[in-house]
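Data block below; observations after.
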Amino acid sequence: MIESYLTGLVVCGGIIVAIGAQNAYVLSQAIRREHHWWSAGLCMTSDVILFTLGMFGVSAALMAMPQAMKVLRWLGVAFLGWLALQALVRAGRGREALQAEGGLGRRSVKGVLFTTLAVTLFNPQVYLDTLLLIPSIGAQQDDATSFVAGASSASVLWFSGLAWFGSTLAPVLSKPSAWRVIDGLIGLMMAAIALQLAIGGL
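Pasting the structure below:
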């Protein structure tokens, strides 16, 4: 039981920590302290649901519908490309009005949650990891429930850490020059992920 839990914690932790669009978005929300705990909480919930569904055989159904994965891939490319463009434009123009505590550009909880959900669900890699890769490892464990619990714990720890550290460092990173660097890095990261998805679909 403990061994299965630790396996889930370590394996899923390694996969989740890999910087991706979801992580970049949650971190950017945390730095500007804009409903970041809502965003992190949605990511945790999504992971727990997908881990559980994967272990109950949804991965087999997904494999039987390759067209669904293709549609998700190109939706992801378009959405991530749009986010990258927005971030790069902000990096070029700067945004003094957007401070760590929010400001004129502050969005609603609904807007933040919608974007978080889109970043999560429009990324085919999320399904490959949570519905295929992780369940394939979990199926080899003695206790599948403990494995899912370990995987879920990794997600909770990681996104809680992003939300907490990002908001804690916000005063340091709230200067306009820092925002331009942050937006530039996030834009390049989103663009690289979108390009990787597009190349994989060709």
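Letter 28 of the sequence shown, counting from 1, is numbered 29 in our numbering, and no numbers are missing.
Where a beta carbon is used, it is the ideal one built from N, C-alpha and C, also for glycine.
Everything numeric in this text was worked out from a predicted model, so none of it was measured.
Spatial neighbours of residue i in its chain, beta-carbon cut-off 7 Å, leaving aside the 5 residues before and after
{"i": "residue 144", "result": "2 and 5"}
{"i": "residue 131", "result": "48, 51, 52 and 55"}
{"i": "residue 102", "result": "For residue 102, the predicted model reports a pLDDT of 48, less than 50, meaning its position is unreliable and no value from the coordinates is stated."}
{"i": "residue 187", "result": "25, 29 and 88"}
6 Å CB neighbourhood of residue i in its chain, flanking five on each side removed
{"i": "residue 45", "result": "156, 157 and 160"}
{"i": "residue 214", "result": "No answer is possible for residue 214: it lies beyond the span of the chain, which begins at 2 and ends at 203."}
{"i": "residue 190", "result": "25"}
{"i": "residue 185", "result": "92"}
{"i": "residue 12", "result": "138"}
Local conformation of residue i per DSSP, three classes
{"i": "residue 45", "result": "helix"}
{"i": "residue 109", "result": "coil"}
{"i": "residue 57", "result": "coil"}
{"i": "residue 190", "result": "helix"}
{"i": "residue 115", "result": "helix"}
{"i": "residue 103", "result": "Note on residue 103: pLDDT 47, under 50, position unreliable in the model; the coordinate value appears next. Correct three-state label for residue 103: strand."}
{"i": "residue 123", "result": "coil"}
Residues near residue i by beta carbon distance below 8 Å, same chain, minus five either side
{"i": "residue 10", "result": "151, 152, 154 and 155"}
{"i": "residue 110", "result": "36 and 39"}
{"i": "residue 134", "result": "16"}
Expected contact under 8 Å - CB spacing of residue i and residue j to nearest Å
{"i": "residue 195", "j": "residue 78", "result": "5 Å"}
{"i": "residue 113", "j": "residue 39", "result": "6 Å"}
{"i": "residue 36", "j": "residue 27", "result": "Going by Cβ atoms, the distance from residue 36 to residue 27 rounds to 11 Å, so no, they are not a contact pair."}
{"i": "residue 22", "j": "residue 124", "result": "6 Å"}
{"i": "residue 171", "j": "residue 41", "result": "Actually they do not touch by this definition, with Cβ atoms about 14 Å apart."}
{"i": "residue 85", "j": "residue 192", "result": "4 Å"}
{"i": "residue 148", "j": "residue 139", "result": "4 Å"}
{"i": "residue 117", "j": "residue 43", "result": "5 Å"}
{"i": "residue 200", "j": "residue 32", "result": "That belief does not hold up - the Cβ atoms of residue 200 and residue 32 are roughly 30 Å apart, past 8 Å."}
{"i": "residue 198", "j": "residue 108", "result": "Going by Cβ atoms, the distance from residue 198 to residue 108 rounds to 25 Å, so no, they are not a contact pair."}
N- and C-terminal bounds of the alpha helix (DSSP H) containing residue i
{"i": "residue 176", "result": "Segment: none, residue 176 is in no alpha helix (DSSP H) and carries neither H nor E."}
{"i": "residue 34", "result": "Premise fails: residue 34 is in no alpha helix (DSSP H) and is neither H nor E."}
{"i": "residue 148", "result": "145-169"}
{"i": "residue 142", "result": "It is not in any alpha helix (DSSP H) - residue 142 carries neither H nor E in the DSSP assignment."}
Residue i: CB within 7 Å of a non-hydrogen atom of the ligand HEM
{"i": "residue 17", "result": "The model depicted lacks the ligand HEM and carries no ligand whatsoever."}
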